[in-house]
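Mapping of the sequence shown onto our numbering: position 243 corresponds to residue 1174, and the numbering continues sequentially without gaps. Idealized CB from N, CA, C, for every residue including glycine. Keep in mind that this is a model prediction, so the values were computed, not measured. Presented below is the structure to which this report refers.
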Amino acid sequence: MSSEPPPTAASASASASAPDELAADLSAATLSKKQQKKDARKAEKAEKAAQRQQQQQQPADAEDPFAANYGDVPVEEIQSKVISGRSWTKIGDLDADAAGRSVLIRGATQAIRPVSKKMAFVVLRQSMSTVQCVLVASADAGVSTQMVRFATALSKESIVDVEGVVSLPKEPLKATTQQVEIQVRKIYCINRAVPTLPINLEDAARSEAEFEKAEQAGEKLVRVGQDTRLNYRAIDLRTPANQAIFRIQCQVENKFREFLLSKDFVGIHTPKLISGSSEGGAAVFKLLYNGQPACLAQSPQLYKQMAICGGYERVFEVGPVFRAENSNTHRHLCEFVGLDAEMEIKEHYFEVCDIIDGLFVSIFKHLTENCKKELETINRQYPFEPLQYLEKTLKLTYEEGIQMLKEAGTEIEPMGDLNTEAEKKLGRLVKEKYGTDFFILYRYPLAVRPFYTMPCYDNPAYTNSFDVFIRGEEIISGAQRIHTPELLAKRATECGIDVSTISAYIESFSYGAPPHGGFGVGLERVVMLFCALNNIRKTSMFPRDPQRLVP
């Protein structure tokens, strides 16, 4: 007989379930390798996310003896809390002469490159200048591995303060404008940018040549379109080319003021909100002003002339101009910066042309001689040929220009204005014949000029007017104005204008008005054409066209 006890109910149940458990174990053991890899990837991602979160958290002082040398600065510390008296250095001023000196700089994190747990590079940008900052974990330098991790966890375009010692690199640096490095001792984040930016600055700064080279190599680079750039203009403006473009624009405006002030012009400001009956035509922005019809001024023209009647002799203005034209072209805006001037004429309206000649030649010289860095920066992304101009600006009559076009096979309507295509072709013909991109075309037909333009003394079918061109595109329109009320009223009537709607303007010439003339030019168009850019929106910081009202 067997000495083993008979099986109990529990043991019988366990015996019965054994096959099921074995099946489950076999099932677990035979999970697909694909699922195992998937689970491993999930675990790896979770671990990396935890590491990133840990890196972004400032280590406690007890863990890192150098914790005070880095971290995120609390908002209350930068709410104008104190004036420390610390000395700041501009990144653009860092050069070999600064080697060995301790400096304090502020910039945006343009690039972050970890090398190891103990070393990393951070490129900081300020305006158009960049410098490479080096972090190396060292007790002597007060830099910990936690500090290196903090730096590498910063997001691009975050605003950062760095204290460190300037050093000279062993090899020339290709990725930065400054040929020095900063050996970092302290680094503080003033404001973190979002981890993922809507556009990448590196993409926005690429030239057409870079895209072509990448395509030839079978690579596909991200191209940032114009609308996308303008939608995120605050980021787009940070590209080197854009930084340069608007510094060039600033110089053009400054030289405009400076030159005219040196010629005894007086700067004035005219109203931009005017009576709805003051300007004719459909291209005005109409609105109500305390129940009265009003509009935004298309030009300071009438007020400049009234200032001359007021005895100012020579005046100029820099201010906004509004045109409600549905012109979706490369060179038109609904709002632009107008550079306008008006002056008394002693004998001939060429006196105005001479001012334009001296003004623009001085602007061109100034930009060429004093803005080389900016022009080179623009040229890297948007290559262009330097503007050619003469010391004494070329003047051609309208008839001479039309004859040049006819001889080249382009017919123009008799006594008609030049269209865009004709202007560009004339620009090419003038450059080929006279070697200049900048010239004046004068004595336009009466039919294509405003009612207040003075007719020619020898042929009233023509006028004492002119246009000025850069690279085959018009930038200036100007003329001698009619200064007698009788002739002014007659011309207005001939042009279909109700004289009663401009009575205040006409009356201003009834009190004694000297012969005078003037001109107007768009600042954005001057910069666009000087730098041979293909679209005026590149030279308007926040452009307004028929389709855009924001940002």
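query = Which of helix, strand or coil does DSSP assign to Gln-1010?
reply = Coil, per DSSP.
Classification of His-1414 by the beta-carbon crowding that lies within 10 angstroms, buried from 16 upward = Under this definition His-1414 is a buried residue.
ask   = Is Tyr-1436 closer than 7 Å to Leu-1204 when the C-beta atoms are compared?
value = Cβ distance not < 7 Å, so Leu-1204 and Tyr-1436 don't count as in contact.
task = Using 10 angstroms around the beta-carbon of His-1447, count the other beta-carbons present and answer buried if the total reaches 16, otherwise exposed.
result = By the 10 Å Cβ count, His-1447 comes out buried.
query = With C-beta atoms as the reference, is Arg-1374 less than 7 Å away from Tyr-1388?
reply = Not closer than 7 Å, so no.
key: Cβ contact (3+ pairs, closer than 8 Å) linking the segment 1298-1306 and the segment 1259-1279   = By the Cβ criterion, the segment 1298-1306 is not in contact with the segment 1259-1279, since fewer than three pairs of Cβ atoms, one from each stretch, lie closer than 8 Å.
task = Return helix, strand or coil for Tyr-1388, following the three-state DSSP convention.
result = Secondary structure of Tyr-1388 (DSSP, three-state): coil.
task = Out of Leu-1055, Glu-1102, Leu-1128, Asn-1122, point me to the one whose CA is closest to Glu-1094's CA.
result = Checking every option, the nearest Cα to that of Glu-1094 belongs to Leu-1055.
inquiry  = Tell me which residue opens and which closes the beta strand (DSSP E) that Pro-1416 is part of.
reply    = Boundaries around Pro-1416 are those of the alpha helix (DSSP H), 1416-1425, since no beta strand (DSSP E) includes it.
Per-residue burial, Met-1472 [other beta carbons within 10 Å of its own, 16 or more giving buried] = Under this definition Met-1472 is an exposed residue.
inquiry  = Quick check: Thr-1308 and Ala-1175, are their CB atoms within less than 7 Å of each other?
reply    = Yes, these two residues count as a Cβ contact at 7 Å.
inquiry  = Check whether the segment 1030-1041 and the segment 1080-1095 touch, using three or more Cβ-Cβ pairs below 8 Å as the test.
reply    = Yes: at least three Cβ pairs fall under 8 Å.
message = Using the three-state DSSP reduction, which class does Tyr-1104 fall into: helix, strand or coil?
response = The amino acid occupying residue 1104 in the given sequence is Leu; Tyr does not appear at that position. DSSP places Leu-1104 in the coil class of the three-state scheme, outside both helix and strand.
ask   = DSSP puts Thr-1040 in a beta bridge; with which residues?
value = Partner residues in the beta bridge of Thr-1040, as assigned by DSSP, are Leu-1055.
key: Contact set for Ala-1051: own chain, Cβ-Cβ below 6 Å, skip 5 residues either direction   = Counting only Cβ-Cβ distances below 6 Å, and skipping sequence neighbours, we find Pro-1045, Leu-1066, Val-1079, Ala-1082, Thr-1083.
request  = Have a look at Lys-1144 and Thr-1076 and give me their C-alpha separation to the nearest angstrom.
outcome  = Cα atoms of Lys-1144 and Thr-1076: separation of roughly 39 Å, rounded to the nearest angstrom.
message = If the criterion is Cβ atoms closer than 7 Å, does the pair Cys-1240 and Ser-1439 meet it?
response = Ser-1439 is positioned such that its CB atom lies closer than 7 Å to that of Cys-1240.
query = Does the pairing of the segment 1146-1166 with the segment 1175-1189 give three or more beta-carbon distances under 8 Å?
reply = Three or more Cβ pairs closer than 8 Å define a contact, and the segment 1146-1166 falls short of that threshold against the segment 1175-1189.
task = Following the continuous alpha helix (DSSP H) through Glu-1352, name the residue where it begins and the one where it ends.
result = In the DSSP annotation of this structure, the continuous segment of the alpha helix (DSSP H) that includes Glu-1352 starts and ends at 1351-1365.
Those runs of the alpha helix (DSSP H) which lie wholly inside the segment 1288-1328 and span at least 4 residues = Segments of the alpha helix (DSSP H) lying fully in the segment 1288-1328: 1303-1312.
task = Could you tell me whether the Cβ atoms of Ala-1030 and Leu-1099 are closer together than 7 Å?
result = With respect to Leu-1099, Ala-1030 sits close: the two C-beta atoms are nearer than 7 Å.
key: Three-state class that DSSP yields for Ala-1228 in the structure shown   = Coil at Ala-1228, not helix or strand.
task = Could you say which of Leu-1290, Val-1249, Glu-1354, Asp-1288 lies nearest to Asp-1271 if we only look at CA atoms?
result = Its Cα nearest to that of Asp-1271, the residue Val-1249 stands out among Leu-1290, Val-1249, Glu-1354, Asp-1288.
inquiry  = Within a Cβ cutoff of 6 Å, which residues of the same chain sit near Phe-895, ignoring the five residues on either side of it in sequence?
reply    = The structure shown does not extend to residue 895, since the chain spans only 932 to 1482, so no value can be given for it.
task = Starting from the N-terminal side, write out each stretch of the alpha helix (DSSP H) that is 4 residues or longer and does not extend beyond the segment 1081-1147.
result = Runs of the alpha helix (DSSP H) spanning 4 or more residues and lying entirely within the segment 1081-1147 occur at 1132-1135, 1139-1147, in chain order.
request  = Just tell me which of Ala-1068, Arg-1422, Arg-1311 has its CA closest to the CA of Tyr-1383.
outcome  = Out of Ala-1068, Arg-1422, Arg-1311, Arg-1422 has the C-alpha closest to the C-alpha of Tyr-1383.
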